[in-house]
Structure formats: structure tokens, C-alpha cells
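Student: Here it is, the structure, as C-alpha cells.
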Amino acid sequence: MHIIEINRDNAKILFDYWNEIGESVPYFFKTTYDSFLESIFDDKFEGMTIFKDSRIFISKEENQVRGFIQYGIPTFHFTGAGKITENINIGVIRNLYFNKTRTDIGQALLDLALEFFKENSIKDLYAFYHAMGMSCNGNHGKLHDNFSYIGNLLFENGFEIEHENIYYVCDISKKKLEYHNNSYIKVSDLVDNRQRFVLYNENNEAIGSAEIKYIDRLTGNKEREIIYLVWIGLDKRARGKGLGTEFLNHIIDFCKGKGYRYLHTDTAINNKTAQKFYIRNGFIDKGITRSYITK
């Protein structure tokens, strides 16, 4: 086992490994090398630089990458109330991947991160922090259930599950679009790779809002068929009338008009209402994703 630090000069070998491990994960989108470099070295979330100090290492054997880790000290953190704060002292393991049969490699890489945080007197640790995911992955930072053995290694090292989500994908080319409530939408200008929608009823009252994220713009136009639904919501007074489906249909029609085929989204594992809504509207469950925190 040979551990090597990665920088811009030698990152190509990591890019090849990244593409390999991402084949079974729905939010590991096809991306250009330049977009990958920007995502892993100079990434931002809603205009904020993610890390003020970040380290990347690979484990290499027989000229092949067998695992890698990225960890560091972030510039921001979300409070329990969902507010962004910059007054923080936390550590984040952004990425940790290795072969299922090589827990020794995973432990060796994880030990690098744990020692780094110890040296910097950081006790509150997070792994696979959702909002700090790679931009070329749509900023989806959680660990997919296909890599549950990595979660098991985190458990053995003092971590526990923080949040769990379910990831969904809908083939919108097959979606039948209907509008029974005479609703309509207004669409905002593009801001920071996102657009917002407002739903209006036949009385011109705003009754819902939603936001989409353009994946092609985050992947150097390598992934051209996917739009990400960041969130969708209705006012309480508008629920139970089919307006949620109608709103979604308006959004799908807008996306189809721009040439997109797939709509991705995710929701909390305990949000049964949202899960039923997505399944009812043709979304397919693509697995559970998890973030972790030290006990």
C-alpha cells in the first residue's frame, strides 16, 4: 500500500478512479476533467468556498488506485435550525472510497483524517456532509447505500448516522402531463445555476414554489439530460386538490421544452408524504443516501 497526496498536477489518476466508483451511483454524473478539478479543489456552495483547508490522498497498489479520501476544515456549517454559520470548529470527511475487500486501505486513509483533526483540536466531525458534496455531483454529498461497508467502517471509528435520504429519478419523456385546475407558473431568471418557479391558481394567487438546478452546467456540459429538483412545496390551503402533481407537470413541461429527459430529486427518509408524492408521479427509488456525525 502506497499513500500519495493528490494535487492538480497528479489528479488525473484520481479522476479515472472517480469515474470507476461512480458507475453504480445515480448522482455521480458524467463530468469533464476540468469540472472535476474545480469540484474537488476549488468548490463552492451557493457562492461560498467550501473548504479553507482540504487534503486529498489516494492509496495505490500495482499502479492502480485502491482508495481515496478528501477531508478538511470547512468555511461554513448549517445549524440545527438550517441557518448558515461561519463561526465553526468542525471537521469534514468529504469523500472516502475503497474496495469492499480492502478495509485495511479504508482504515489507513481514515486514520490520516482523524490524526489531522486531532492535531487541529477538532472534535466535532462529519462525514459525507450533504451540502458539501462535489458540484459535479449536483452537491449531493451523502454516501450511497451501495457503499454501506464504508458506513460500517465509520461506525467502527465512532461515527453514527446523521441523516438519511431516498434518491429518486423520473424519466420525464414518458410522463403524461395533465392540468385540471387552470393553474400556471412564472419562472425566475437563472441565478447561480438555479431557477425558481412560482405556481399561481386561476385567481392569480401564488400557492406554491419550487427550484431546479442545472446539472449540465456543473459537469462541463458532459451530462446533458438531467435536471435536479431541489425542492417543491405548496401552501397548506392548496393541498389535497391535485395541485402538487399539476405543479410538477408544469416544471416537467418546462424541462422537456429545454431538451432534458430525467428529473432527479431526493427527500428525507422520514418524509413519507413526499415519498408517496414522488412514487405516485412516476419517480423511481434509486437507493438510500446517508451522512454521518461523531457520537
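The opening residue of the sequence shown carries number 107 in our numbering; numbering runs sequentially from there.
Cβ coordinates follow ideal geometry from the N, Cα and C atoms, glycine included.
As the structure is a computational prediction, the values presented were derived from the model and not from experiment.
Determine the burial state of K408: buried for a count of at least 16 other Cβ atoms within 10 Å of its Cβ, exposed for fewer.
Tutor: The structure shown does not extend to residue 408, since the chain is modelled only from 107 to 401, so the question has no answer here.
Student: With a Cβ-Cβ cutoff of 8 Å, do V297 and S315 count as a contact?
Tutor: Mapped onto the sequence shown, residue 297 falls at position 191. Mapped onto the sequence shown, residue 315 falls at position 209. Against a cut-off of 8 Å, the Cβ pair of S315 and V297 comes out as no contact.
Student: If you compare alpha carbons, which of F265, E152, V336 and T351 is closest to I318?
Tutor: By one-based count along the sequence shown, residue 318 stands at place 212. Looking at the Cα atoms, V336 is the closest of the given residues.
Student: Counting only runs of 3+ residues fully inside the stretch 286 to 310, write out the beta strand (DSSP E) ranges in chain order.
Tutor: 290 to 293 and 300 to 306
Student: Using beta carbons (cut-off 8 Å, strictly below), is G173 in contact with chain D?
Tutor: Annotation note: the requested chain D is absent from the structure, which comprises a single protein chain.
Student: Please classify K292: is it buried, with 16 or more other beta-carbons within 10 angstroms of its beta-carbon, or exposed?
Tutor: Along the sequence shown, read from residue 1 onward, the residue named residue 292 stands at position 186. Only exposed fits K292, as fewer than 16 other CB atoms lie within 10 angstroms of its CB.
Student: Jot down the residue ranges of each uninterrupted beta strand (DSSP E) in the stretch 213 to 244, minimum 3 residues, whole runs only, in chain order.
Tutor: Listed in chain order, the beta strand (DSSP E) elements of length 3 or more contained wholly in the stretch 213 to 244 are 230 to 233.
Student: Relative to the alpha-carbon of H246, which residue among I109, I196, D372 and L231 has its alpha-carbon at the smallest distance?
Tutor: For the purposes of this step, residue 246 is taken as the residue at position 140 of the sequence shown. Per the Cα distances, D372.
Student: In angstroms with no decimal places, state the Cα-to-Cα distance between F383 and I375.
Tutor: Translated into positions along the sequence shown, residue 383 becomes position 277. Translated into positions along the sequence shown, residue 375 becomes position 269. Cα to Cα, the separation comes out at about 13 Å.
Student: Cα separation between F174 and Y334?
Tutor: By 1-based counting over the sequence shown, the position of residue 174 is 68. By 1-based counting over the sequence shown, the position of residue 334 is 228. Approximately 27 Å, taken between the alpha carbons.
Student: Under the assumption that F389 contacts C276 (Cβ atoms under 8 Å), give the Cβ distance between them as a whole number of angstroms.
Tutor: On the sequence shown, residue 389 is found 283 positions in, with the first residue counted as 1. On the sequence shown, residue 276 is found 170 positions in, with the first residue counted as 1. That belief holds up - the Cβ atoms of F389 and C276 are roughly 4 Å apart, short of 8 Å.
Student: With a cut-off of 8 Å, do at least 3 Cβ pairs link the stretch 195 to 213 to the stretch 255 to 262?
Tutor: yes
Student: Could you tell me the alpha carbon to alpha carbon distance between I272 and F223, rounded to whole angstroms?
Tutor: On the sequence shown, residue 272 is found 166 positions in, with the first residue counted as 1. On the sequence shown, residue 223 is found 117 positions in, with the first residue counted as 1. When rounded, the distance between both Cα atoms is 30 Å.
Student: If we call anything under 8 Å between Cβ atoms a contact, is I338 one with F353?
Tutor: Looking up residue 338 in the sequence shown gives position 232. Looking up residue 353 in the sequence shown gives position 247. Their beta carbons are under 8 Å apart, which means I338 touches F353 by this criterion.
Student: DSSP puts M107 in a beta bridge; with which residues?
Tutor: Working through the sequence shown from its first residue, we reach residue 107 at position 1. DSSP output for M107 lists no bridge partner at all.
Student: For L283, does the count of other Cβ atoms within 10 angstroms reach 16, so buried, or fall short, so exposed?
Tutor: Here residue 283 refers to the residue found at position 177 when the sequence shown is read from its first residue. The residue is exposed, with fewer than 16 neighbouring Cβ atoms inside 10 Å.
Student: Using CA atoms only, rank isn't needed, just tell me which of R172, E221 and T185 is closest to G212.
Tutor: Working through the sequence shown from its first residue, we reach residue 212 at position 106. G212 has its Cα closest to that of R172, out of R172, E221 and T185.
Student: Please report how far the alpha carbon of K364 lies from the alpha carbon of N307, in whole angstroms.
Tutor: Position 258 of the sequence shown, counted from the first residue, corresponds to residue 364. Position 201 of the sequence shown, counted from the first residue, corresponds to residue 307. The C-alpha of N307 is placed about 24 Å away from the C-alpha of K364.
Student: What residue range is occupied by the uninterrupted alpha helix (DSSP H) comprising N355?
Tutor: In the sequence shown, counting from the first residue as 1, residue 355 sits at position 249. Looking at the DSSP string, the run of the alpha helix (DSSP H) that includes N355 is L349 to G363.
Student: If the criterion is Cβ atoms closer than 8 Å, does the pair T181 and E192 meet it?
Tutor: Here residue 181 is taken as the residue at index 75 of the sequence shown, counted from 1. Here residue 192 is taken as the residue at index 86 of the sequence shown, counted from 1. Result yes, Cβ atoms of T181 and E192 sit closer than 8 Å.
Student: Strictly by DSSP, which residues pair up with W124?
Tutor: Here residue 124 corresponds to residue number 18 of the sequence shown, with the count starting at 1. None, per the DSSP bridge assignment.
Student: Which residues does DSSP list as the beta-bridge partners of N271?
Tutor: The count along the sequence shown starts at 1 and reaches residue 271 at position 165. N271 is bridged to A374 and T395.
Student: Where DSSP assigns a beta bridge to I162, which residues make up the other side?
Tutor: Indexing the sequence shown from 1 puts residue 162 at position 56. In the DSSP output, where bridge partners are listed per residue, I162 has Q176.
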